[in-house]
Structures are given as structure tokens and as C-alpha cells.
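Participant: The structure is given below, and queries will be raised subsequently.
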Amino acid sequence: MNGLQRLFQRRNPAREQRPSIGLALGGGFARAMAHIGVLQVFEEEKIPIHYIAGVSAGSLVAAAYAGGSGPEEIARVGTALRFGDVARWTFSRLGFCCTDGMGKMLARLLKKNTFEEMRIPLAVGATDLQTGHPVVFSGSGDVRLPLRASCAFPGIFQPVRWNQQILTDGGISMEVPSALVREMGATRVISVCIPHDSGKAEPSNMVEVISRSMQIMQMRNESAWRKSSDLVITPEVGGWAWHDFKQSGAMIAAGADAARKAMPAVRELLKAA
């Protein structure tokens, strides 16, 4: 993580001395709706969030919240989402869908469009498809292209070109961006991990093969992000399909339930900080 450390040292030359909580939101496509429930409980319990980072679908929730949208506002947009709101079918050798069509959805979701405007410092993680290295967006610039790149699930969505790089899903290089909020300056990191499905059912199509392959890869590498986490919240949403937006309400409730169960541990972190 030396490269990330240098990045954030440039953008945060003087780290704050006060206790600070960082929230790291992992991916999960439709199941990432559970993040909204976690945020609802944090607000109810008046838990401060000083830094926030997200990858893949978690980056959408993180950016909306960092820009000033409350959990209820994010939920209203999220529960109305369907696959066509985040993807546009197209013909390409690099993917079946592109994220160009996310513009209207982002206009409804985001109150702020640049990193400078965010009320909570935000980081969005993507992956350089050529080098395999994480690419971190934070501090300045438009947030919409980074969000599109972070959500570009490989094999389904076309990669997003940025400068000389070809960017794809941030969850490839970091399933949960706990190290990002640590490097941003958080003294205590709370990670929200969206669990994978059971994997017991036989894949029925190419998308499920790709998804399951990604899950296996991430399970083999999860020790890295867990080492940067002081607490991990895992909503019980593994029983729903990755694209099942119709179950958004239930997923939000599952996130809230997981956050309430974790609240004693969260308060201990605040004391320890």
C-alpha cells in the first residue's frame, strides 16, 4: 500500500489528531443496498463518520452520502432502481453493457458532483486492467467517471478509459476499501462487507460463472482488507441474487439489523479512539 500512502500524504499533508471514524463500503451490485440500512442506524445512533470510501456499488452509496444525501433519500432512489438504470446494452468485444447510461441515475442520486464539494472526505477505488493495481480517486475532480469505472464489473460492463488507463471494477483490487480510509486519516475503520451467495447452486449462465469466479478470488484475498479493519459488519443478504433490485427494501432492513447488532462494538471503538 506504499503507493496509496504517498497519494493520501499529498492530499492530507497534516493528519488530524482527533479520533476519527472511517467507513469502508464494499461492492455487491443490488445487494449493496444493505449499506443504506447501515447508514440509517449510524445516523439514528449519532455515530460520526469522518471519512468514507467505496468500491463498485458501495462507491455509489458512499458518494451519495458524502455529498449530503441522507439514507432515506438514497433509499428512495435505490429502491426504484432496475438493471436498465445502471447499464445500457451494447455490442462490444469488451463487455455486453456500458455504464454511459448511469448519468440520469447519478443525477438523481448525487447532490454534489466533485470531490471538493463533498461534506465528508470521499475516496472511490477502481482497478487498472493493464497493471492490476488499484486506482484511487479522491480530493479533487469530478466524481462521476470514477463511479462508472468502479462499477464496471468485468465481462459484463465495458471498462472505462481514463487518461492512458483502462479502468474496471474497484472490487477486483480491493473487495472492501478499508486501507483507503485508513490512509485518508481514519484512526478507526469500520468495514461493511456484502457477503457472497452460497455458491452451492450450479451456475446457469455465463454471468453467474463470471460472478462466482470473482467471489472465489475475493475470498482468497479477504485477509488483506480485514487487517486494515477494526470492525467488520456483514449484513445477511447472501440469499438474494446479485441483480435482485426488487428486494431492495429487505436488503436495506438487513443492513440496519446488522448495524444494530454491531452497535455495542462500534461504541467500544469510539471509547478506544
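Going by our numbering, the final residue of the sequence shown carries number 287, and the count climbs one at a time with no gaps.
The C-beta atom is built at its ideal place from N, Cα and C for all residues, glycine as well.
So, for E87: in the same chain, excluding its five sequence neighbours on each side, which residues have a beta-carbon less than 7 angstroms away from its beta-carbon?
Facilitator: Here the question's residue 87 lines up with position 73 in the sequence shown. Counting only Cβ-Cβ distances below 7 angstroms, and skipping sequence neighbours, we find nothing.
Participant: Just curious, the beta strand (DSSP E) that A137 is in, first and last residue?
Facilitator: In the sequence shown, the residue the question calls residue 137 occupies position 123. Segment L136 to D142, the beta strand (DSSP E) holding A137.
Participant: Only counting the same chain, and skipping five residues up and downstream in sequence, which positions put a Cβ closer than 7 angstroms to that of D258?
Facilitator: Sequence index remark: in the sequence shown, residue 258 carries index 244 (1-based). Same-chain partners within the cutoff: A44.
Participant: With three or more C-beta pairs closer than 8 angstroms as the rule, is the region 153-161 touching the region 130-145?
Facilitator: Cβ pair count under 8 angstroms is three or more, so yes.
Participant: Would you kindly work out how many angstroms separate the C-alpha atoms of A273 and F56, rounded to a whole number?
Facilitator: Locating residue 273 in the sequence shown gives position 259, where the first residue counts as 1. Locating residue 56 in the sequence shown gives position 42, where the first residue counts as 1. Their Cα atoms are separated by approximately 8 angstroms.
Participant: Consult DSSP for W256 and reduce its assignment to one of helix, strand or coil.
Facilitator: Stepping through the sequence shown from its first residue, residue 256 is reached at position 242. Of the three classes helix, strand and coil, the one that applies to W256 here is coil, per DSSP.
Participant: So the alpha helix (DSSP H) T93 belongs to, where does it begin and stop?
Facilitator: Here residue 93 refers to the residue found at position 79 of the sequence shown. Element bounds for T93: P85 to T93.
Participant: With G185 and S70 assumed to form a contact (beta carbons below 8 angstroms), what rounded beta-carbon distance in angstroms separates them?
Facilitator: To locate residue 185, count along the sequence shown from 1; it is residue 171. To locate residue 70, count along the sequence shown from 1; it is residue 56. Going by Cβ atoms, the distance from G185 to S70 rounds to 4 angstroms, so yes, they are a contact pair.
Participant: In angstroms, rounded to a whole number, what distance separates the CA positions of V174 and N127?
Facilitator: Looking up residue 174 in the sequence shown gives position 160. Looking up residue 127 in the sequence shown gives position 113. In a straight line, the C-alpha of V174 is about 18 angstroms away from that of N127.
Participant: Based on the DSSP secondary-structure assignment, which residues constitute the bridge partners of D156?
Facilitator: Translated into positions along the sequence shown, residue 156 becomes position 142. Its beta-bridge partners are T128.
Participant: What does DSSP give as the partner residue(s) for R274 in the beta ladder?
Facilitator: Along the sequence shown, one-based indexing puts residue 274 at 260. DSSP output for R274 lists no bridge partner at all.
Participant: With a threshold of 16 other CB atoms inside 10 Å of the CB of R196, please say whether the residue is buried or exposed.
Facilitator: Here the question's residue 196 lines up with position 182 in the sequence shown. Answer is buried; the Cβ neighbour count reaches 16.
Participant: Measuring CB to CB, does A76 end up less than 8 angstroms from A67?
Facilitator: Sequence index remark: in the sequence shown, residue 76 carries index 62 (1-based). Sequence index remark: in the sequence shown, residue 67 carries index 53 (1-based). Taking 8 angstroms as the Cβ cut-off, A76 and A67 qualify as a contacting pair.
Participant: By the three-class DSSP mapping on this structure, what secondary structure does F43 have?
Facilitator: Position 29 of the sequence shown holds residue 43. The answer is helix: DSSP assigns F43 an H, G or I state.
Participant: Where do the ends of the alpha helix (DSSP H) carrying I50 lie?
Facilitator: Here residue 50 is taken as the residue at index 36 of the sequence shown, counted from 1. Here the alpha helix (DSSP H) through I50 covers A48 to E58.
Participant: Give every residue of the same chain whose Cβ lies closer than 7 angstroms to the Cβ of P62, excluding the five residues on either side of it in the sequence, and list them in chain order.
Facilitator: The residue you call residue 62 lines up with position 48 of the sequence shown. These residues qualify, in order along the chain: I35.
Participant: Under a three-way DSSP split, which group does V149 fall into?
Facilitator: Taking the first residue of the sequence shown as position 1, residue 149 is located at position 135. Reduced to three states, the DSSP call for V149 is strand.
Participant: So for I61, helix, strand or coil by DSSP?
Facilitator: Taking the sequence shown and counting its residues from 1, one reaches residue 61 at position 47. The answer is coil: DSSP assigns I61 none of H, G, I, E or B.
Participant: Could you tell me which of A80, I266, M265 and L245 sits nearest to E282, measuring between CA atoms?
Facilitator: On the sequence shown, residue 282 is found 268 positions in, with the first residue counted as 1. Residue L245 is the option with its Cα nearest to E282.
Participant: Would you call P27 buried or exposed, if buried means 16 or more other Cβ atoms sit within 10 Å of its Cβ?
Facilitator: If you number the sequence shown from 1, residue 27 lands on position 13. Its pLDDT being 41, under 50, P27 is placed unreliably by the model, and nothing is read from it.
Participant: How close, in whole Å, do the beta carbons of D183 and P160 come, if the pair is a contact with beta carbons under 8 angstroms?
Facilitator: Here residue 183 corresponds to residue number 169 of the sequence shown, with the count starting at 1. Here residue 160 corresponds to residue number 146 of the sequence shown, with the count starting at 1. Wrong, their Cβ atoms sit about 12 angstroms apart, outside the cutoff.
Participant: Classify G82 as helix, strand or coil using the three-state DSSP reduction.
Facilitator: Here residue 82 refers to the residue found at position 68 of the sequence shown. In this structure, G82 counts as coil in the three-state DSSP scheme.
Participant: What number of angstroms, rounded off, separates the C-alpha of P85 from the C-alpha of I50?
Facilitator: As a first step, residue 85 is located in the sequence shown; it is residue number 71 there, counting from the start. As a first step, residue 50 is located in the sequence shown; it is residue number 36 there, counting from the start. Going from the Cα of P85 to the Cα of I50 covers about 6 angstroms.
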